[in-house]
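Just so we're aligned: the sequence shown equals residues 1 to 230 in this note's numbering. Yeah, the Cβ is synthetic: ideal placement off N, Cα and C, and Gly gets one too.
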Amino acid sequence: MKDLREMRGITLPIHRVSTGLGEGEEAVRWTVKCPATQHVVDLGTCESCPHLERIQEEATGPESLQCHPEAPRPSPPPGEAYAPLLPPLLEHTRVDELMTQDVYCVSEEMRAEELAELFATRKVSGVPVLDEDERLVGVVSRADLLRASDEEEEDTPRLHPERAGAVASELMNPSPVVVREGTTVPQAAAVMAAARVHRVLVVSAEGTVVGVLSAMDVVRWVARKACYAV
Ligand code: SF4
Numbered sequence: 001m002k003d004l005r006e007m008r009g010i011t012l013p014i015h016r017v018s019t020g021l022g023e024g025e026e027a028v029r030w031t032v033k034c035p036a037t038q039h040v041v042d043l044g045t046c047e048s049c050p051h052l053e054r055i056q057e058e059a060t061g062p063e064s065l066q067c068h069p070e071a072p073r074p075s076p077p078p079g080e081a082y083a084p085l086l087p088p089l090l091e092h093t094r095v096d097e098l099m100t101q102d103v104y105c106v107s108e109e110m111r112a113e114e115l116a117e118l119f120a121t122r123k124v125s126g127v128p129v130l131d132e133d134e135r136l137v138g139v140v141s142r143a144d145l146l147r148a149s150d151e152e153e154e155d156t157p158r159l160h161p162e163r164a165g166a167v168a169s170e171l172m173n174p175s176p177v178v179v180r181e182g183t184t185v186p187q188a189a190a191v192m193a194a195a196r197v198h199r200v201l202v203v204s205a206e207g208t209v210v211g212v213l214s215a216m217d218v219v220r221w222v223a224r225k226a227c228y229a230v
């Protein structure tokens, strides 16, 4: 039986890849994701392809093309050694295995001046705030507390004048992005992507902070599972 796309034809978007060359000069490549080969190809490849029907041109350049590709070839495996292992690993690996467990937290009473000092000495972008029962109640972020110096040198941030004298509970975001201990890596990645954040706190069922997972932890883990030494 023929693949449906062979009979009907399909429309594919054409993408623009620009490279700045200096002095306002730019090199442009037009590319298409070919469904037959599962690769991105230059438009020149399509122009000489027997399956091309037509290219739709707009004022800004080629917009889309219609073609009748052959049945798609299966995607090449990402690598012989780990290909059969990656899907189950993704499904079953929990954030607990990747997260950093050394997390520095602060109490609700910590003053802005102390927090500023903390951010100046530690390379962190935010600290979890805990109540007296050690449960997470919010996060104070470096960006909210500090402002860059007049010279805008990021290494010498200063406490924002309006924050002086305040305490952590007044400065914090009371709705930080968190995941529960036991959450799988894909679930945590989805949470980070949806919330547009680069890290999430991992909390226990009791609401205590047990770790922090960053997008870089996930990226590094994927690379290592693919046998890269990073
Ligand atoms: S025209 Fe040919 S090379 Fe281009 S996308 Fe279609 S099948 Fe692939």
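| Query | Result |
| --- | --- |
| Excluding the 5 residues flanking Arg135 on each side, which residues of the same chain have their C-beta closer than 8 Å to its C-beta? | Glu206, Gly207, Thr208 |
| So is the beta-carbon of Thr11 under 8 Å away from any non-hydrogen atom of the ligand SF4? | no |
| Any idea what DSSP makes of Lys123, helix, strand or coil? | coil |
| Starting from the Cα of Arg199, find the closest Cα among Pro128, Ser64, Glu162, His51 and give me that residue. | Pro128 |
| Val137 to Ala223, Cα distance in whole Å? | 34 Å |
| Which partner residues of Thr11 appear in the DSSP bridge assignment? | Gln66 |
| With a threshold of 8 Å (Cβ to nearest heavy atom), would Glu70 be considered close to the ligand SF4? | yes |
| Considering only DSSP beta bridges, list what Glu128 is partnered with. | Per the sequence presented here, residue 128 reads as Pro, with Glu not at that position. In the DSSP output, where bridge partners are listed per residue, Pro128 has Val139. |
| Straight-line CA distance for Ala193 to Val17? | 25 Å |
| Just to confirm, does Ala116 get its C-beta within under 8 Å of one of the non-hydrogen atoms of the ligand SF4? | no |
| Just the Cα atoms here: how many angstroms apart are Gly79 and Thr93? | At Gly79, the pLDDT of 48 sits below 50, so the modelled position is not reliable and the matter cannot be decided from this model. |
| Starting from Leu171 and walking both ways along the alpha helix (DSSP H), at which residues does that stretch end? | 168-171 |
| Can you name the residues that DSSP bridges to Val222? | Note: Val222 sits in no beta bridge, so no partner. |
| Given a cut-off of 9 Å, decide if Gln101 and Gly182 are closer than it, judged by their beta-carbon atoms. | no |
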